[in-house]
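For what it's worth, full-length UniProt numbering labels the leading residue of the sequence shown as 1, then goes sequentially. For glycine and all other residues, C-beta sits at the position ideal for the given N, C-alpha and C.
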Amino acid sequence: MVFGEEDPGREPVFGVQYGLLGDFYLNDRWSIRSGVSHFTLGSSTPYTTLKLNYLNIPANANWHFGSEKHWNLNFGVTPQFLLKATDDDRDVMAFYKNFQLAFSYGMGYKIEVSEGFGILIDLQGLVGITNNLEDEIEIKRRNLGASLNIGGVIAL
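If you want it as structure tokens, here you go:
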């Protein structure tokens, strides 16, 4: 979702997030989670639908907890690079900055299927830190996003 000044009545736009992320373990409880993902944000009104497609590169500290360390909490920053911006299929890239920085956070649970493979169910949130509109535009807008993720975990 995109939120900010002078934006009453906006509803979130739902999309698909996909990518490849990895945990780089520092010890048995802490890891750094990073990778790349494609993330669609946006909002709609009864009159228009805005979609912003980003390439995200999260850098999150990830704390693994529980008796088997199947649970995790993570937080950090996510640089976002704008790939495409449309408003009802009209190109609006000129109005948006190519770069946005966001605070990211989440929680997940890993289901062990075998010794080397698991399934991760993960809820992630994203709150824009920087204004995503070009400086010439007086309105301030930031991104706000959430995703429910299901993925495979492969031990290397």
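Check whether the Cβ of GLU134 sits closer than 7 Å to any heavy atom of the ligand NAD, and report yes or no. With respect to the ligand NAD, the structure offers nothing, as it holds no ligand at all.
Going straight from the alpha carbon of GLY35 to that of GLY19, what length do you get? What you label residue 35 is simply residue 35 of the sequence shown in a count that begins at 1. What you label residue 19 is simply residue 19 of the sequence shown in a count that begins at 1. Taking the straight line joining both Cα atoms gives about 8 Å.
Cβ distance (whole Å) where SER31 is taken to contact HIS70 below 8 Å: In the sequence shown, residue 31 corresponds to position 31, counting from 1. In the sequence shown, residue 70 corresponds to position 70, counting from 1. Their Cβ separation, rounded to whole angstroms, is 14 Å, which puts SER31 and HIS70 out of contact at 8 Å.
Spatial neighbours of ASN98 within its chain, please: CB distance less than 8 Å, with the 5 preceding and 5 following residues excluded, ordered by chain position. What you label residue 98 is simply residue 98 of the sequence shown in a count that begins at 1. Annotation for ASN98: PHE81, LEU82 place their beta carbon closer than 8 Å to its own, counting only its chain and skipping 5 residues before and after.
Element boundaries [beta strand (DSSP E), containing SER147]: Your numbering for residue 147 matches position 147 in the sequence shown. Judged by DSSP secondary structure, SER147 falls within the beta strand (DSSP E) whose first and last residues are 141 to 154.
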